[in-house]
Amino acid sequence: MIMRLFLWASVHIRKNRKGNVMNELERLMKRYPHLVGCREAITETYQVLEESFRNGGKLLICGNGGSAADSDHIVGELMKGFKKQRPVPADMREKLGEDLADHLQGALPAISLAGHAALSTAFLNDVAPDMVFAQQVYGYGNENDVLLAITTSGNSGNVLHAVKVAQAKNMKTIGLTGPKGGKLKEAADTCICVPGSCTADIQELHLPVYHALCAMLEERFFE
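Shown next, in the form of structure tokens:
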């Protein structure tokens with residue numbers, strides 16, 4: 000009887016979480032109708048990220064300029080509570096003690112490749128400026144990991160090099176770009192191509208897309 004109740008509760012929780020995940024996607028579509036054409040790509044992106052995190056993988060993110068800022072922003076939403084508090088699980092609370100556990104939050108492992116000034120400047124000065132992201136993917140990346148490559152044109156050379164290295168390491172690659180997609184559309188395993196006639200317009204739609212993805216992942220992995 001207890002086992003039946005446990006199984007029922009587990010199924011019920013999974014259904015509720017799936018419903019909450021889809022609610023976040025529907026909310027995005029309602030608020031930004033221009034993104035309806037990206038729905039399938041956003042769903043595929045979520046599935047790739049969900050599988051990676053479920054299997055112990057991490058997310059690497061790269062981009063230039065405003066897209067570098069977006070890379071840092073995404074890490075901030077994944078590595079701490081976004082819309083939820085994400086309390087530390089009971090077994091970890093016991094190991095940490097109340098004080099530490101009360102001041103920590105659940106995290107989905109993510110690294111912005113734009114955030115390492117010493118490494119990046121050393122590598123671009125000593126080796127090759129356009130390989131800065133590729134070098135970090137080579138060093139950090141593993142088979143269960145995902146690379147999210149952000150470029151409004153889809154043609155940023157250093158981003159494309161990173162994608163090629165990621166695929167050589169059997170990582171999944173996701174592109175976040177503009178309407179034409181550029182070379183990234185063909186290079187990445189999955190690509191979200193938002194509408195927009197200029198860089199600023201494209202960047203303004205990138206933000207709600209990655210906010211929705213972060214919210215969907217939070218609904219999936221945290222109470």
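Sequential numbering from 0 applies to the sequence shown in numbering that gives the first Met the number 0. Beta carbons: idealized from backbone N, C-alpha and C, even for Gly. Bear in mind that the values here come from a model prediction, so they are computed numbers and not experimental data.
Asked                                                                                                                                                                                      : Found
For the alpha helix (DSSP H) containing L103, list its first residue and its last residue.                                                                                                 : First-last for L103: undefined, no H or E at that position.
Terminal residues of the continuous beta strand (DSSP E) containing N171?                                                                                                                  : The question names Asn, but residue 171 is Lys in the sequence shown. It spans 171–176 - the beta strand (DSSP E) in which K171 sits, taken as one unbroken run.
Between the beta-carbon of K153 and the beta-carbon of L183, is there less than 8 Å?                                                                                                       : Note that residue 153 is Gly in the sequence shown, not Lys. Closer than 8 Å, so yes.
Less than 8 Å between the CB atoms is what I'm expecting for H72 and L204, so what's the real figure, rounded?                                                                             : Rounded, the Cβ-Cβ distance is 14 Å, inconsistent with contact.
Could you check if R219 is buried or exposed, using at least 16 other CB atoms within 10 Å of its CB as the buried criterion?                                                              : buried
Within 8 Å, do at least three Cβ pairs link the region 121–140 to the region 93–107?                                                                                                       : no
Taking the C-alpha atoms as reference points, what is the distance between L123 and R16?                                                                                                   : 44 Å
Among F221, E222, A214, whose alpha-carbon lies nearest the alpha-carbon of M21?                                                                                                           : A214
Pair every Cβ in the region 193–202 with every Cβ in the region 62–71, then say whether three or more of these pairs are closer than 8 Å.                                                  : yes
Helix, strand or coil, according to DSSP, for L59 in the structure here?                                                                                                                   : strand
Please go through the same chain and pick out, in chain order, the residues whose beta-carbon is closer than 7 Å to the beta-carbon of V35, but skip the five residues on each side of it. : M28
According to DSSP, is T44 part of a helix, a strand, or is it coil?                                                                                                                        : helix
Looking at the structure shown, is L6 part of a helix, part of a strand, or coil, going by DSSP?                                                                                           : Model confidence at L6 stands at a pLDDT of 41, short of 50, so the residue's coordinates are unreliable and nothing is read from them.
Specify, as a first and last residue, the run of the alpha helix (DSSP H) that V208 falls within.                                                                                          : 198–220
So, with DSSP's three-state summary, where would you put A148?                                                                                                                             : strand
Quick check on E76: buried or exposed, where buried means 16 or more other Cβ atoms within 10 Å of its Cβ?                                                                                 : buried
For H11, does the three-state DSSP call read helix, strand or coil?                                                                                                                        : In this prediction, H11 scores a pLDDT of 39, lower than 50, which makes its location untrustworthy; no coordinate-derived value is stated.
Should L212 and I41 be called a contact, given that it needs their Cβ atoms to be closer than 8 Å?                                                                                         : yes
Quick check on the DSSP output: the alpha helix (DSSP H) that includes Q84 runs from which residue to which?                                                                               : No alpha helix (DSSP H) holds Q84; DSSP gives it neither H nor E.
Who pairs with C192 in a beta bridge, going by DSSP?                                                                                                                                       : T176
So, do the region 78–91 and the region 39–54 have three or more beta carbon pairs nearer to each other than 8 Å?                                                                           : no
Taking C-alpha atoms, which residue in A106, R92, I149 lies nearest to G177?                                                                                                               : I149
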